[in-house]
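Here the structure is laid out as structure tokens; the discussion comes afterwards.
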Amino acid sequence: MTLADTAALGTAFALILLSAVLETAGMSLAGASPARILRLAREGNRRAQRAEKLLGQRDRLNRAAILGAVLLNTFAAALATFALVDSFGPFAILYAALSVTVLLFLFAEVLPRAIAPVRPEPLALMLAPVLDVCARPLGPLADGLARLVSRPVSRLHGEGDTGAGEAIRRLEGMIDLDETLVDDVMVHRRAMEMIDIATPPEQVVRQVVRSRHTRLPVYRDDPDNIIGVLHSKNLLRALAKRGATPATLVIGKLLSPPWFVPNTTSLREQLKAFIARRSQFALVVDEYGSLQGLITLADILAQVLGDITDDKDRPLPPGVTLHDDGSLTMEGTVTIRDLNRRFGWDLPEHEATTIAGLLISAARVIPVKGQSFTFYGLRFDVLERRRNQITQLRLTPLSHETGA
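Given below as structure tokens:
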């Protein structure tokens, strides 16, 4: 066997090992918990931040990894055949095929399946850059080949039908449940309607009757100190008893125990928990136990099926006033999520939580009263500022400002 033959065999083995790395990377990223990776990313882990950006591209990355592995395996088999042809003649193809198949089975199939499920998150953080590098040149080719196959299949299955296509898109929304946290879709604590246990029972009854919600969290002294949840059904049952009046109600006896869930819980995990507990209402807390908001089964279903409520039918977020000219005045503490939901905007929620925080992040300064800025298709006018806090803003969509 010549030096060239030895080098060819060594290169073939290296290609098989690289194929094993791609297989392990793909399996690890597919099996990793998005909630854990997102939590690490928010804690400043750079590898997790890079992996977080790739979570939404798992299909593209997997296609690129498969194509890359096929190419590597093909080249490995070709090199092995080249190296063995001088020694074994026409049997070189058989020996090369058998040896490469055994090595691929051991290193690119058995080994990845043995180690990837054990520690998927650390492996995903370590190997995600490999997938990213592989996907850059191979991604477009893999996507193009996939479309060549999927288009005829789509026609055969009639996905061009509007009803079927819509159903498929809705079912595909389930994929997002692994990549979305309850923190991303919850009702923020500032938009929550709550009851102080010290409130007179008559006022509690009036509040429940006026409320659009059937469940209201009840706190003592501090909104972070949630002591229970009042269900309107329990309140009505108590009032229906003989001799009962609003003044005689003991609200504390009508409460259900609160259920707290971490804000890093994925929507899929929370959906399973709702089903297991036969519940549809949970309070969301951060790692320190501070109340962040609430999540309901309806919020998760809206994530899957889409929100069927007309934007105009939704109430304005607390602290927001809509004017006839299309502009809005609002407190600086209004959450970006509430604005996006109500007005169908796409303001970045990863930059800040509140609209004042978003303006400061975009402007890179703390604006003063009277200043105006244009970002994200909106004109921001600072109406009030107290110390370093923007307390009042006016937002005007540029389409309204230009008369479009």
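Positions 720 to 1123 (this note's numbering) are the ones given, in order, by the sequence shown.
Even glycine gets a Cβ: it sits at the ideal position worked out from N, Cα and C.
- Message: Just to confirm my understanding: we take L890, look at its own chain, exclude 5 residues before and 5 after, and list those with CB closer than 6 Å. What are they?
- Response: With a pLDDT of 45 at L890, under the threshold of 50, the modelled position of that residue is not reliable, and no figure is offered here.
- With a cut-off of 8 Å, do at least 3 Cβ pairs link the stretch 824-834 to the stretch 730-750? yes
- Item | Bounding residues of the beta strand (DSSP E) (the contiguous stretch that carries G1012) | 1010-1015
- Query: From which residue to which residue does the beta strand (DSSP E) around P942 run?
  - Reply: 941-950
- Query: Start and end of the beta strand (DSSP E) containing E1050?
  - Reply: 1047-1050
- Query: Does A835 have its Cβ less than 7 Å from a Cβ in chain B?
  - Reply: Considering every chain present, this structure includes no chain B. It has just one protein chain.
- Item | Residues bridged to A1001 [DSSP beta-bridge criterion] | I1014
- Message: Suppose the cutoff is 8 Å on Cβ atoms and the five residues either side in sequence are ignored; what does the same chain contact list for F732 look like?
- Response: A795, L822
- Item | Inter-stretch contact at 8 Å, needing at least 3 Cβ pairs: the stretch 965-973 / the stretch 946-956 | yes
- Continuous beta strand (DSSP E) assignments of at least 3 residues falling wholly in the stretch 813-857: none
- Return yes when the Cβ of L1010 is within less than 7 Å of the Cβ of D915, no when it is not. no
- Can you give the Cα-Cα distance for G729 and A770, rounded to whole angstroms? 32 Å
- Message: Buried or exposed for D1018, going by 16 or more other Cβ atoms inside 10 Å?
- Response: buried
- Query: So, using beta-carbon positions, are V1101 and Q1090 closer together than 7 Å?
  - Reply: yes
- Classify R908 as helix, strand or coil using the three-state DSSP reduction. helix
- To the nearest angstrom, report how far apart D1057 and H907 are at their CA atoms. 8 Å
- Task: Going by CA-CA distance only, name the one from R956, A995, A1001 that's closest to P976.
- Result: A1001
- Keeping to the same chain, check which residues put their C-beta closer than 6 Å to that of I1014; ignore five residues upstream and five downstream. V901, M905, A1001, V1003
- Span of the beta strand (DSSP E), counted from its first residue to its last, around S985: It is not in any beta strand (DSSP E) - S985 carries neither H nor E in the DSSP assignment.
- alpha helix (DSSP H) segment containing F670, residue limits: In this structure the chain extends from 720 to 1123, so residue 670 is not present and cannot be described.
- Message: Pop quiz: A783 and A854 are said to be a contact at Cβ under 8 Å. What is the actual Cβ separation, rounded to whole angstroms?
- Response: 4 Å
- Item | Which listed residue (T1110, E1103, L1114) has its alpha carbon closest to that of F1094 | L1114
- Thinking I1074 and G1051 are a contact (beta carbons under 8 Å), I'd like their distance in whole angstroms, please. 6 Å
- Query: CA-CA distance, L734 and L791?
  - Reply: 6 Å
- Would you call the CB atoms of T800 and A811 closer than 7 Å? yes
- Message: Let me check one thing: in DSSP terms, what residues is T1115 bridge-paired to?
- Response: R1098
- Message: Starting from L1077, trace the alpha helix (DSSP H) in both directions and tell me its first and last residue.
- Response: 1074-1082
- Close beta carbons around A843, own chain, < 6 Å, minus the five adjacent residues each side: S747, L748, A751, A770
- Message: Suppose the cutoff is 8 Å on Cβ atoms and the five residues either side in sequence are ignored; what does the same chain contact list for V819 look like?
- Response: A731, I735, N792, A795, A796, A799
- Could you have a look at E1103 and say whether DSSP puts it in helix, strand or coil? strand
- Item | T964, buried or exposed, once every other Cβ within 10 Å from all chains shown has been counted against 16 | exposed
- Task: Return the CA-CA distance between L1047 and F1099, expressed in angstroms with no decimal places.
- Result: 10 Å
- Message: Within 10 Å of its beta-carbon, does A966 have 16 or more other beta-carbons around it, so buried, or fewer, so exposed?
- Response: exposed
- Message: Comparing C-alpha positions only, which one of V1039, L1117, P1067 sits nearest to T1110?
- Response: V1039
- Task: Can you tell me the Cβ-Cβ gap for P1067 and A910, rounded? I've got them flagged as a contact below 8 Å.
- Result: The Cβ separation is near 19 Å, so there is no contact.
- From which residue to which residue does the beta strand (DSSP E) around V1039 run? 1039-1041
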